[in-house]
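S.K.: Take the position in the sequence shown, starting the count at 1, then add 891; the result is the number in the numbering used here.
C-beta atoms are modelled at their ideal positions from N, C-alpha and C, and glycine is treated no differently.
Computed from a predicted structure; not experimentally measured.
Attaching a single structure in structure tokens format; questions to follow.
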Amino acid sequence: MEKTLVRRFLYPVLRDQSLFQSFSDQFAFRPSGSTTSALIFLLHQLTNLLEKHDYVHLIALDFSKAFDTVRHCSLFQKMADFPLPDNVYNWLLEFLSDRLHETKFNGLHSHRLSINSSIIQGSGVGPVLFVFNAYDLHPVYPTNLMLKYADDTYLIIPSSNSHLIPEELAHVGNWASEHNLKLNVEKSVEVIVHRPQKRNFVCPKPTINIARKSHITVLGVVISNDLKFDKHIDNILQKTSKNTVCFKSFASTWYV
């Protein structure tokens, strides 16, 4: 029933042309969204920006337990602004209301505590509700870009806007605080992406207190700072080799 409600009432809101800009940078839990479309968007934007800029900052942001900390009251303040039937809005509100948590161990039961956060992972409506919760998270400046896949969030900032990175990160951090989330700067990662054919490239000095790496894994694909996919191919071959060894071991044991 939850999935039917999502298809009939929530997905149409995500498809609404008047709201397109609000959800266009989110590629998870929405019609036509997928890891493939997210990766195409990312590589398209990187290559486009590199035609005009020497390098691009790709910053992977890390949020602590994002799904578990979505505050119900702020979520439904947002949901009230969308064109949803009253009975659907009330049903969703009732669905998340009056939930309790209890721990059982060795025959003992803890006191029950009220749950006023979390979109209930494993539910049919939970993932889409997270999309609604994050719909208003966007870069401060339109010349900077953002890609969101559920709680995986990436900032794409061209070299001409390097000086704006601290402001963009502060904006994301403030948004997170207002929504009961925490931005983990120490677990976030930055990659300086540049053209493969650019020789003797010198990375710019760090403008932020975020670890800088030569490559990053985005939705299962290794993106290197020179946009080559050698590391990604090596990872696939390594996994294939391990699977082949495991299969041979299983086959020989089964034969014996």
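Go through its chain and collect everything with a Cβ distance to serine 913's Cβ below 6 Å, but skip five positions before and after it.
M.R.: Here residue 913 is taken as the residue at index 22 of the sequence shown, counted from 1. Contacts found: Tyr1026.
S.K.: Check whether the stretch 981-1000 and the stretch 1030-1046 touch, using three or more Cβ-Cβ pairs below 8 Å as the test.
M.R.: At 8 Å Cβ cutoff, the stretches do not touch.
S.K.: Please state whether DSSP places serine 1051 in a helix, a strand or coil.
M.R.: Taking the sequence shown and counting its residues from 1, the one referred to as residue 1051 is at position 160. Three-state DSSP puts serine 1051 in a helix.
S.K.: Would alanine 1102 pass as a contact of glutamate 1077 if the rule is Cβ separation under 9 Å?
M.R.: Against the sequence shown, residue 1102 aligns to sequence position 211. Against the sequence shown, residue 1077 aligns to sequence position 186. In this structure, glutamate 1077 lies closer than 9 Å to alanine 1102 by Cβ.
S.K.: Span of the beta strand (DSSP E) holding isoleucine 1011?
M.R.: The residue you call residue 1011 lines up with position 120 of the sequence shown. Unbroken run through isoleucine 1011: none, as it is neither H nor E.
S.K.: Tell me the rounded alpha-carbon separation between phenylalanine 1120 and threonine 1108.
M.R.: For the purposes of this step, residue 1120 is taken as residue 229 along the sequence shown, with counting starting at 1. For the purposes of this step, residue 1108 is taken as residue 217 along the sequence shown, with counting starting at 1. Using only the alpha carbons, I get a separation of about 11 Å.
S.K.: Does DSSP put glutamine 908 in a helix, a strand or coil?
M.R.: The count along the sequence shown starts at 1 and reaches residue 908 at position 17. Of the three classes helix, strand and coil, the one that applies to glutamine 908 here is helix, per DSSP.
S.K.: On the CB-based measure, 16 or more other CB atoms within 10 Å of its CB, does glycine 1111 come out buried or exposed?
M.R.: Taking the sequence shown and counting its residues from 1, the one referred to as residue 1111 is at position 220. Burial call: exposed.
S.K.: Which residues share a DSSP beta bridge with histidine 1029?
M.R.: For this step, residue 1029 is matched to residue 138 along the sequence shown. None; histidine 1029 has no bridge partner.
S.K.: Once the 5 residues before and after proline 922 are set aside, which same chain residues still bring their CB inside 8 Å of it?
M.R.: Position 31 of the sequence shown, counted from the first residue, corresponds to residue 922. So the qualifying residues of the chain are Tyr902, Leu905, Arg906.
S.K.: When the Cβ atoms of the stretch 1006-1024 are set against those of the stretch 961-969, are three or more pairs found closer than 8 Å?
M.R.: Enough Cβ pairs lie closer than 8 Å, so yes.
S.K.: Are the beta-carbon atoms belonging to tyrosine 946 and proline 1095 less than 9 Å from one another?
M.R.: As a position in the sequence shown, residue 946 is number 55, starting the count at 1. As a position in the sequence shown, residue 1095 is number 204, starting the count at 1. Yes.
S.K.: Kindly indicate which three-state DSSP category threonine 1108 falls into: helix, strand or coil?
M.R.: Locating residue 1108 in the sequence shown gives position 217, counting from the first residue. Strand, per DSSP.
S.K.: Let's see if you can read the secondary structure: which residues bound the alpha helix (DSSP H) around valine 1019?
M.R.: Reading the sequence shown from its first residue, position 128 is the one you call residue 1019. That run of the alpha helix (DSSP H) goes 1017-1024.
S.K.: How big is the Cα-Cα spacing for isoleucine 1114 and histidine 1123?
M.R.: Reading the sequence shown from its first residue, position 223 is the one you call residue 1114. Reading the sequence shown from its first residue, position 232 is the one you call residue 1123. Taking the straight line from one Cα to the other gives about 7 Å.
S.K.: What residues match up with methionine 1037 in a beta bridge as DSSP calls it?
M.R.: Residue mapping note: residue 1037 aligns to position 146 of the sequence shown, counting from 1. Beta-bridge pairing links methionine 1037 to Leu1046.
S.K.: Comparing C-alpha positions only, which one of Ser915, Glu985, Val1016 sits nearest to phenylalanine 958?
M.R.: If you number the sequence shown from 1, residue 958 lands on position 67. For the residues Ser915, Glu985, Val1016, the minimum Cα distance to phenylalanine 958 belongs to Val1016.
S.K.: If we call anything under 9 Å between Cβ atoms a contact, is proline 918 one with phenylalanine 1021?
M.R.: For the purposes of this step, residue 918 is taken as the residue at position 27 of the sequence shown. For the purposes of this step, residue 1021 is taken as the residue at position 130 of the sequence shown. At residue 918 the sequence reads phenylalanine, which differs from the proline that was named. No, the Cβ-Cβ distance between phenylalanine 918 and phenylalanine 1021 is not below 9 Å.
S.K.: One question on the structure: do leucine 933 and leucine 1038 come within less than 9 Å of each other, judged by their Cβ atoms?
M.R.: Locating residue 933 in the sequence shown gives position 42, counting from the first residue. Locating residue 1038 in the sequence shown gives position 147, counting from the first residue. The answer is yes: Cβ separation under 9 Å.
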